[in-house]
Amino acid sequence: MLAQQQLTALKGVGPKQVEKLHKLGLFVVQDLLFHLPLRYQDKTRLTDLESVIIGTEVLIEGDVFAQTLSQGRRSSLLVKIQSPSGTILTLRFFHFHHSQAQQFSRGKTIRVFGEVRSGPTGLEMVHPTYEFITPNAPSALEDSLTPIYPTTEGLGQASILKLIKQAIVLLKQYPLAELLPNDLLDSLQLPLLNDALLTLHQPLATDDLQKIKQFAHPAQQRLIIEELINQQATMQMMREHEQARNAPAFPISQACQRLLKNLPFQLTNAQQRVLQEIQHDLKQPHPMQRLVQGDVGSGKTVIAALAAIQAAEAGYQVAVMAPTEILAEQHRQAFSEWLDPLNIPTAFLNGRMKAAEKRFMLAQIETGTAQVIIGTHALFQEAVTFHKLGLVVIDEQHRFGVHQRLSLHEKNNQQDVHTHQLIMTATPIPRTLAMTAYGDLDLSVIDELPPGRKPIETAVLSNEKRFEVMQHLYAKCKQGIQAYWVCPLIEESELLHAQAAEVTANQFSEQWPDLRVGLIHGRLKGEQKALVMNAFKTHQLDLLVATTVIEVGVNVPNSSLMIIENAERLGLAQLHQLRGRVGRGDKQSHCVLLYQPPLSETGKARLNIMRETTDGFRIAEEDLRIRGPGEILGTKQTGGLQFRIADLKRDSAWIPVAKEWANILVHNYPQLVEGLQMRWVGHKIDYQHA
Ligand code: ADP
Ligand code: MG
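Okay, so the sequence shown: first residue is 217 according to the numbering used here, each after it adds one.
1. CA-CA distance, L491 and V609?
2. Could you pull the DSSP bridge partners for T284 from this structure?
3. Mind checking whether A862 and E443 have CB atoms under 7 angstroms apart?
4. So the candidates are P253, G338, D399 and E541; which of them puts its Cα closest to the Cα of L747?
5. Just how far apart, CA to CA, sit Y811 and H792?
6. Taking the straight line between their C-alpha atoms, what separation do you get for S301 and E266?
7. What are the partner residues of M537, as DSSP defines its beta bridges?
8. What's the gap between the Cα of P729 and the Cα of C693?
9. Would you say T517 touches the ligand MG, meaning its beta carbon is less than 6 angstroms from a heavy atom?
10. Any heavy atom of the ligand ADP within a distance shorter than 6 angstroms of the CB on T643?
11. With DSSP collapsed to three states, give me the class of A421.
12. So, helix, strand or coil for A906, using DSSP?
13. So, helix, strand or coil for E781, using DSSP?
14. Per DSSP, G335 is paired with what?
15. Should H238 be labelled buried (16 or more other beta-carbon atoms within 10 Å of its own) or exposed?
16. Just to confirm, are T643 and R827 a CB contact at a threshold of 7 angstroms?
17. Given 8 angstroms as the limit, is there contact between the stretch 508-521 and the stretch 449-460, that is, 3 or more CB pairs closer than that?
18. Sort out for me which residues DSSP pairs V508 with in a bridge.
19. Is any non-hydrogen atom of the ligand ADP found closer than 6 angstroms to the C-beta of P845, if you look at the structure I gave you?
20. Have a look at the DSSP bridge pairing and note the partners of V761.
21. Applying the criterion that 16 or more other CB atoms from any shown protein chain within 10 Å of the CB defines a buried residue, is A225 buried or exposed?
22. For Q752, verify whether its CB is less than 6 angstroms away from any heavy atom of the ligand ADP.
23. Using CA coordinates, which residue listed in I590, A353 and Q505 is at the minimum distance from A463?
24. Since I907 and F602 should fall inside the 8 angstroms C-beta cutoff, what is the C-beta to C-beta distance between them, to a whole number of angstroms?
25. Keeping to the same chain, check which residues put their C-beta closer than 7 angstroms to that of L786; ignore five residues upstream and five downstream.
26. Quick check: what's the CA-CA separation for L735 versus I766?
27. Please state whether the Cβ-Cβ distance between L892 and N485 is less than 7 angstroms.
28. Suppose you measure from the CA of V798 to the CA of L760; what does that come to, to the nearest Å?
29. With respect to 6 angstroms, is the separation between the Cβ of G513 and the closest non-hydrogen atom of the ligand ADP below this value?
30. Give me the residue from K604, G591, V600 and L605 with the minimum Cα distance to D611.
31. Is the beta carbon of K803 closer than 7 angstroms to that of S776?
32. Closer than 8 angstroms by C-beta to S867: which residues in its own chain qualify, once you throw out the five before and the five after it? Chain order, please.
33. Give the DSSP-derived three-state secondary structure of F602 in the structure shown.
34. List the whole-angstrom C-beta distance separating I304 from G330, where the pair is believed to meet the contact cut-off of C-beta under 8 angstroms.
Right, here's the structure in full:
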């Protein structure tokens, strides 16, 4: 009922109001009920000024006994009131009318609400709300806590409160359906939905405000778990739906064995285990949906190549997609080195190809002449038609959005047959986050680095040491090592970004003309980038000055020194990615994190974590704790993880519980799942096209 009721059914809502309410994500009356207060004010009791705690919001009564106009840079009105116990509080108004000033006449009793601070002359409240009181007939105190709602421009607190009050009256007439099974609510001791909503909109003075503030009140937890269950159930249904589809089954191939024999190294145990998981999936007549997590340098590329071989040998095509041109180019080289001897034809596609070359590649792809196709986003383009696509490999998936992952999926022109998907990421994702963001995928972890790698040693230094670091770098390069110097984004502008790198490159060249310095940034053309990368790879350059374009996947084993400027501005996950460009050979590698002083306490703590550990999972847990999921998954990725009430950082402990119950709901109460989707997403999920 309330889920269908339009907002215009409420008093005081016209077309203009509706538009503003839409901005807040509110479309029907039920949405208002899920529009929860940001915080609460307690006007249910008077606090004695004597016992007030600085920094809290309180309701206080007192008598006006003085009033002054202070003439500073901006004049302010100071009103002094005295509590019955004799304590004095100064009310400070920066904005006031003269008529307002006249109201505060000596002897009047006043009730004020606001945050108590310690001011220059004792206790003070800035811009409190206030009301004059007739001592013999004081107005009643509020009987529930006052909610403060998120608002938007042109729609004030009072207006939204009025609407929510109306919605609550309606809720009492037409309660919302309870969508969580009783045994769940009982086992977790959580309240019914309607009770929870009433508690949160109109908490009683007896409710535990402290718990509500910490989002630990059962009424909040009940809503959080419901929202998380909905998300988990949706993921699970997507996954089960996909698994019921048909995909070509690829037998284990002979050619895989040949590549393994040709490699100059042996797979690590972790690589072998993950390879077996993939090979097993590819043998099934249903689409593989597997995410391979492996820290930087753990050797994911060769695993992808082995999977590609299995599909190719069965006569199917493979699309290998990389997020940047540098990385796509690097994969092209690695794949052709491995696949050419096996006579598996590869092709390459990027956005900057010349028309003729591109036409040629497209024809190769369409006719099936090319079997393993490596490329960038260009693989998504409408013009690309695959002959017989059987496997899609997506490298460094966190750089793509969910949407892109799926649209490539639809590229297959065989209607009933779906492609296998192998998704790879070097971003270690904390378990609870992986369950949420990738709940529709199977997970493999390469939790071991190839032998002989020495953990990178990391130093954290102030920018005041910049020149010494440059000198050190020069000396090292003269001993034959290669180095990176990374200038991260300082302004949100690709141009300034590139300039910063350019300036640094010039400083090096001017200071040490014999140092072979290369420069790479996002504004270079594709071929230029490839040229520079190649020169660095073949040791025609000693130093590569770069922006964060080198963050992902770049592999030059001989480079063993990395300097990152303005390290305090980057997230830990990103620093970890960048640092992973070194430590890829058998030399001891070093990383210097330069920061711009002064560094805050948390800033210090964060950089120290980088110094203490190279364990990507530990770093990711810290990042989740400090910066939230966006930093780890990338902003594009979190698009699908917008929650209305739940917060992945705060509520991660609930995720395994939600997953368990989602499973029960999906199998025992499918009709409830549909109801949950309607309530939390606003529509049924179309798995066919999800
Ligand atoms: P990432 O997992 O970061 O993508 P890569 O696939 O780029 O790592 O591998 C990093 C380097 O390690 C490459 O030079 C690769 O050839 C090499 N490598 C991969 N597996 C092994 C192994 N088992 N032993 C030794 N070197 C390996
Ligand atoms: Mg890689």
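Quick reminder that beta carbons are idealized off the backbone N, C-alpha and C, glycines included.
Judging by the given coordinates:
1. 14 angstroms
2. L294
3. yes
4. E541
5. 16 angstroms
6. 7 angstroms
7. G591 and I610
8. 13 angstroms
9. yes
10. no
11. coil
12. Note on A906: pLDDT 49, under 50, position unreliable in the model; the coordinate value appears next. Coil.
13. coil
14. G338
15. exposed
16. no
17. no
18. M640 and S660
19. no
20. W701 and L735
21. exposed
22. Residue identity check: residue 752 is Phe in the sequence provided, not Gln. Outside the cutoff, so no.
23. Q505
24. This structure cannot speak to residue 907, because the chain is shown only from 217 to 906.
25. P704
26. 11 angstroms
27. no
28. 12 angstroms
29. yes
30. G591
31. yes
32. According to the sequence displayed, residue 867 carries Asp and not Ser. Around D867: F431, I440 and L444.
33. coil
34. Not confirmed; about 15 angstroms, so no contact.
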